[in-house]
Each structure stands twice: as C-alpha cells, then as structure tokens.
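Trainee: Have a look at the structure that comes next, please.
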Amino acid sequence: MAPTLVNSRSTQSSACLMARIAGAMYVVNIVTSLDSYFGPRNRLAFFAGFVAAAAYIAVTVLFYLLFKPVSRGLSLLAAGISMAGTAIGILQMLGRMPFRIELLVFFSLYCILIGYLIVRSTFLPHFLGVLMILAGIGYAAFFGPHLGKALFPYDVIPGALGEWTLTVWLLAKGVNGERWAEQAAAYPKTPQN
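Each residue of the sequence shown is one higher than the one before, counting from -5 in my numbering.
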C-alpha cells in the first residue's frame, strides 16, 4: 500500500474518531449540565458542574481541530469564546465573579460560529449547521437577561434541538472522513483561512 494512501486513511480515521469523541463529551456535558443546573444544590451538583465544564473544554478543543480546515480564524474565535464562557462559569461556581454574567450569551455566539463552520464544511450535512445557528439565535435572547427569562423555555428549545441533533450525528456517523481529509489537504492553500 502506498504511504499516501495509508496516511489518507489514517487522517480520515482520526477525524472520525475526533468527531465521535466530541459527541461522547457532548453527552457528558449535557447530562452533567442538566444535573448541575436543575438538580439540588449540593456537592454532587457542584461536582457535576466541573465535569460539565471539563467535557465542554474537550468538545471545544476537538471542534477547533475538526473545523480548523474550514477556517482557522473562525474556529479559533469560536474556541476562544467557548473557553471564555467556560472559565467564567467555573469562576461563578467558585463564587469568584464579582458580578453575574449569563453564560448562554457566550454559547449563543459559539453555536452561531460552529453552525457557520458546519455549513461551510464539506464533511458534515448543512442542516446540522442551520440547526446550530438557530440554537445560537435562541440563546441570543439571554443578551437581555429579562428577555431570556420571559421567553423561557421557548428560547432554549432550538438550542436543545441543535446541540442534541449534532451530538447524535457525531456519535452515530462522525464526519465524512474522506471529505474532511480533502478539506484539510486544501487548507493551507485557502487564502481566507
């Protein structure tokens, strides 16, 4: 077997593996976030909040790597926004923030950027990107905290639909490894990255 064919298959497999691990980490994040947010306020909820944050950091890093061939700059911006939101969430859990910031503001921007990257990608279906953009638009209601609370739960339904659909897709199908490898191979030649 030619070395380039082996490298190509290895690259495709690693992209699919990254996608499936991101899906698994998304599941961990969703489950522990729900427990942390809606469960009783005790040590278990506190621990669940940290597990949720760690899982979301893993999702963020894996998404950066997956979407870097689409646009390194936008992928890096999305990762930075997600990390900032996660860091602020951890500080709030520890009681170290002098004021409260609604975390869904950060994840609104993150979902919109990830949705856009999915739409521009060749290795995931575009409908997943549209759902993630709608998720981000729903979360955008939390830019006005009173608006977010007034529209609840209707403003988070698109988020649940978008993020859960993407999670199930990543777990079940991963990414199209061949198309990811093609987009990754073309990445350094693309001037807008």
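Note that beta-carbon positions come from the ideal geometry of N, C-alpha and C, so glycine has one too. Note that the coordinates shown come from a computational prediction; the quantities given were computed from them, not determined experimentally.
Would you mind sorting Tyr148 into buried or exposed? The rule is 16 or more other CB atoms within 10 Å of its CB.
Mentor: Per the 10 Å Cβ criterion, exposed.
Trainee: So is Val162 in contact with chain D if we call contact Cβ pairs under 8 Å?
Mentor: The chain labelled as chain D is not found in the depicted structure, where only one protein chain is given.
Trainee: Under three-state DSSP, which class holds Phe57?
Mentor: Note: Phe57 maps to helix in three-state DSSP.
Trainee: Nearest-angstrom Cα distance between Leu60 and Leu141?
Mentor: Between Leu60 and Leu141, the C-alpha separation is close to 34 Å.
Trainee: For Ala157, which three-state DSSP category applies?
Mentor: Rather than Ala, the amino acid found at residue 157 in this sequence is Glu. Looking at Glu157 - three-state DSSP - the assignment turns out to be helix.
Trainee: Look at Leu85 and Met91 and say whether their C-beta atoms are less than 8 Å apart.
Mentor: Yes, they are a contact pair.
Trainee: Classify Ser102 as buried or exposed, calling it buried when 16 or more other Cβ atoms lie within 10 Å of its own Cβ.
Mentor: Answer is buried; the Cβ neighbour count reaches 16.
Trainee: Going by DSSP in three states, Tyr148 sits in which element: helix, strand or coil?
Mentor: Looking at Tyr148 - three-state DSSP - the assignment turns out to be coil, as it is neither helix nor strand.
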